[in-house]
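Engineer: Numbering (the working numbering), first residue to last: 96 to 196.
Even glycine gets a Cβ: it sits at the ideal position worked out from N, Cα and C.
Sharing a structure here in structure tokens format.
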């Protein structure tokens with residue numbers, strides 16, 4: 096369970112989505128992970144979690160990291176979430192699979 100302190104939350108956000116990747120992460124996912132995004136959009140659970148990340152005009156680093164943490168919680172039970180997380184980690188600088196904070 097992630098800590099609720101501001102310092103711990105910042106660590107957690109930075110671990111799953113480094114600041115250096117945060118500003119371009121949405122554009123990267125929509126351009127490099129289109130197949131995975133379409134797969135996600137057809138899955139009720141994945142779409143419900145990832146939709147803000149894939150469609151919102153603007154998200155803060157904290158909001159985007161929050162979506163990724165929610166995705167991480169469901170990696171082992173949802174193939175669509177795992178597919179988009181793997182693609183984002185490999186192409187866009189996120190660390191969904193490796194984050195442990």
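1) In the DSSP assignment, find the unbroken alpha helix (DSSP H) run with residue 188 in it and report its ends.
2) Check whether the Cβ atoms of residue 175 and residue 135 sit closer than 9 Å, and answer yes or no.
3) Residues in its own chain within less than 7 Å of residue 157 by CB, not counting five upstream and five downstream?
4) Report yes if the CB atom of residue 112 is closer than 9 Å to the CB atom of residue 120, and no otherwise.
5) To the nearest angstrom, how far is it from the Cα of residue 153 to the Cα of residue 116?
Structural biologist: Well, looking at it:
1) In the chain shown, residue 188 corresponds to position 93, counting from 1. Segment: none, residue 188 is in no alpha helix (DSSP H) and carries neither H nor E.
2) For the purposes of this step, residue 175 is taken as residue 80 along the chain shown, with counting starting at 1. For the purposes of this step, residue 135 is taken as residue 40 along the chain shown, with counting starting at 1. With contacts defined by Cβ atoms closer than 9 Å, residue 175 and residue 135 form a contacting pair.
3) Here residue 157 refers to the residue found at position 62 when the chain shown is read from its first residue. Counting only Cβ-Cβ distances below 7 Å, and skipping sequence neighbours, we find 108.
4) Counting from one through the chain shown, the residue named residue 112 turns up at place 17. Counting from one through the chain shown, the residue named residue 120 turns up at place 25. Yes, they are a contact pair.
5) Here residue 153 corresponds to residue number 58 of the chain shown, with the count starting at 1. Here residue 116 corresponds to residue number 21 of the chain shown, with the count starting at 1. Rounded to the nearest whole angstrom, the CA to CA distance from residue 153 to residue 116 is 15 Å.
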